[in-house]
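Reading through the C-alpha cells given below for one structure.
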Amino acid sequence: MTNQNRILLTWISFLSYALTGSLIIVTGIVMGDIAKYFDLPISSMSNTFTFLNTGILISIFLNVWLMEIVPLKRQLIFGFILMLLAILGLIFGHNLAIFSGCMFVLGVVSGITMSIGTYLITHIYDGKQRGSRLLFTDSFFSMAGMIFPVISAAVLAHHMQWYWVYAAIGVIYLAIFLLALISTFPVLGKDAPQETTTNEPKEKWGLGVLFLAIAALCYILGQLGFISWIPEYATQKLGLSISDASQLVSYFWGAYMIGMWIFSVLLKKFDLHYFVVVLSGLATVLMYLFNKDTDPHNLIYIISALGFISSAIYTTIITLGSQQTKASSPKLVNFILLCGTIGTMLTFVVTSPIVKNYGAHAALVTANGLYAAVFVMCILVGFVTKHRINGHADSH
C-alpha cells in the first residue's frame, strides 16, 4: 500500500467518525425545534430518533458480513446517494413517517461508514500505533461534537429551519465520497489474499472481553443519555438560553477532543487497566458533581473536566479488549464496538420514559449510575485480564 493511499484511507476513517458524531450529538439541540415542527411533546419526539440509532446498530452488525460481499468503495458511493435522498426527504417531506424513515437511512449510512472507518484503521495500523490511531480517529467524533452544536445553535438562532443542520452534516459525507473516488481499498472476501486469513490463530476471548463489552455499552449509553438531555435540562430547569445550553455541550466535546490528543500520548506510558479504572472513577465523581450543582458558571468547569477525563475511556476499553488475545482480532474490536453501538441505540429507548415520568434531571442521574457501572466493570476486568500475560502491557 502506498503512503498516499494510506493517508487517504486514514482520512476517510477520521471523517466517518465525524459523520456519526455530528448526527448523534445534534439530536439534543434540534429535538425541541423538531418537536414544535411536528407539534409533539419532546419525550415522544425523542423516540423517533431511535430510528437513527437503530439504523446505526443494524448496519454495523450487518457490515461484518457485508464488507466481504460488497466492495468498500461501492458501499461508500452508494451511501452518498442514500444520504442525499435522506436529506432531501427531511427538507421536502413534512411528515413524521418520512422523517423517521430518513433518520433510519441516515443511521444506516453512518453506521456502514463508521464500521468501514474502524476496519480501515485496524487493517492499516497494528501494535502500538493501532491504539493511538483509534484514539485519534475517535477524536473526530468529539470534534464534530464541538463544532456542530455551535452550527446548530447558529442555524436555530437565525430562525432557519432545523433541517439545514442535517444539510450541513451532509458536507462531511461529500468529503468522504470524494476521497473514496480516488482511493484504493483493501480487498475482502473470496478475492482477498489468502495469507491474511490463514495466519490468524483461533483464541478464546475470555471473561475480560465480556466485562469490557458491558462497560462499552454502559459508557456510551451513559454518555449519550447525559449529553442528549443537557439542553433540555439547562433550558427548562436552569433557565439558560438554547445558545448557552448548546455551549455546555460544546465545552464537553471540546475538552473531550483535547483530552484525546493528550491521552493518545500518555496512553503508552501506563498500564491500560489501571488507567481505565482511574479515569472511569473520576468521571463518575465529576458527573455526580454536575448533577448536584445548579450554578451555570461552575457547570462549565465541571463539564469541561468531565469531557477531558471521559475522553480516553471508550478507546481504552476497545484497546484493552483487543489485547485479551495474543493476535489482535478485528472481529473482537468490532464486537466491543457493536456493544457500544447498542448503547447508542438504547439512548432514547431508556431515557425517554425517564424524562417523561421524572424529568430531564432524572436522565442525568441515570447516566451517572451507568458511569458507576463502567467503573465496577473495569475493576472486575482486573481479576481476569490477559493483556499482561499476552505481553501487551509492556508494549503499550
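Numbering (numbering that gives the first Met the number 0), first residue to last: 0 to 395. Even for Gly, the Cβ is constructed at its ideal location relative to N, Cα and C.
Beta carbon of residue i nearer than 8 Å to that of residue j
i    : j    : result
F210 : L379 : yes
V454 : L81  : Past the edges of the chain, shown from 0 to 395, lies residue 454, and the structure says nothing about it.
L288 : L247 : no
H360 : Y232 : yes
L336 : I317 : yes
S45  : M66  : no
L216 : G342 : yes
D32  : L223 : no
Y165 : I86  : yes
V208 : L345 : no
Rounded separation between residue i and residue j - CA only
i    : j    : result
V186 : Q323 : 27 Å
N4   : M286 : 42 Å
G78  : K385 : 39 Å
L83  : T112 : 15 Å
G110 : N333 : 12 Å
A167 : S351 : 27 Å
G381 : L278 : 14 Å
P70  : Y357 : 47 Å
I57  : G100 : 14 Å
T196 : V170 : In this predicted model, T196 has a pLDDT of only 45, less than 50, meaning its place in the structure is not dependable; the value taken from the coordinates is given anyway. Each residue's Cα considered, the two are about 36 Å apart.
A362 : M0   : 47 Å
S21  : G106 : 11 Å
Y162 : A214 : 34 Å
G409 : D137 : A query on residue 409 cannot be resolved here, the shown segment of the chain reaching from 0 to 395 and no further.
T340 : K236 : 30 Å
V276 : S321 : 17 Å
K203 : V383 : 13 Å
S141 : A174 : 18 Å
T234 : V354 : 14 Å
I6   : A143 : 20 Å
W228 : H157 : 23 Å
L412 : L119 : Since the first residue of the chain shown is 0 and the last is 395, residue 412 is not available in this structure.
I150 : P230 : 15 Å
I90  : F60  : 29 Å
L39  : Y172 : 30 Å
V284 : I301 : 10 Å
G368 : F225 : 11 Å
Y36  : L239 : 22 Å
S303 : F147 : 17 Å
V108 : Q160 : 23 Å
K268 : K325 : 20 Å
D243 : I68  : 47 Å
Residue i, DSSP secondary structure in three states
i    : result
N94  : coil
V248 : helix
G423 : The question about residue 423 has no answer, for the chain in this structure spans 0 to 395.
T136 : helix
F48  : coil
T9   : helix
Y124 : coil
F184 : coil
K236 : coil
S310 : coil
W64  : helix
Q160 : coil
D294 : coil
F176 : helix
G320 : helix
G358 : coil
V69  : coil
T384 : coil
F77  : helix
P148 : helix
F210 : helix
F269 : coil
M0   : coil
P40  : coil
CB-CB length for residue i against residue j, believed under 8 Å
i    : j    : result
S245 : A152 : 4 Å
C338 : A212 : 4 Å
A34  : I24  : Contact flag wrong, Cβ pair sits at about 18 Å.
S263 : L51  : In fact, because the Cβ distance is near 29 Å, the residues do not count as touching under 8 Å.
I115 : L75  : 7 Å
L266 : T315 : 7 Å
F347 : T53  : With 8 Å as the limit, F347 and T53 do not qualify as a contact, their Cβ atoms being about 10 Å apart.
Y16  : F139 : 4 Å
T47  : M102 : 7 Å
V364 : L220 : Going by Cβ atoms, the distance from V364 to L220 rounds to 14 Å, so no, they are not a contact pair.
F184 : K72  : 5 Å
H272 : L319 : 6 Å
Residue i beta carbon near the ligand ZN (any heavy atom closer than 7 Å)
i   : result
Y36 : Because no ligand of any kind appears in the structure shown, any question about the ligand ZN cannot be addressed here.
task = Evaluate contact between the stretch 118-125 and the stretch 7-15, counting only Cβ atoms and requiring at least three cross-stretch pairs below 8 Å.
result = yes
inquiry  = Assess contact between the stretch 171-180 and the stretch 282-296, defined as three or more Cβ pairs (one per stretch) separated by less than 8 Å. Is contact present?
reply    = no
key: the stretch 250-258 contacting the stretch 300-317, beta-carbon criterion three pairs below 8 Å   = yes
inquiry  = Below 8 Å, how does it come out for the stretch 87-98 and the stretch 367-374: are there three or more Cβ pairs, yes or no?
reply    = no
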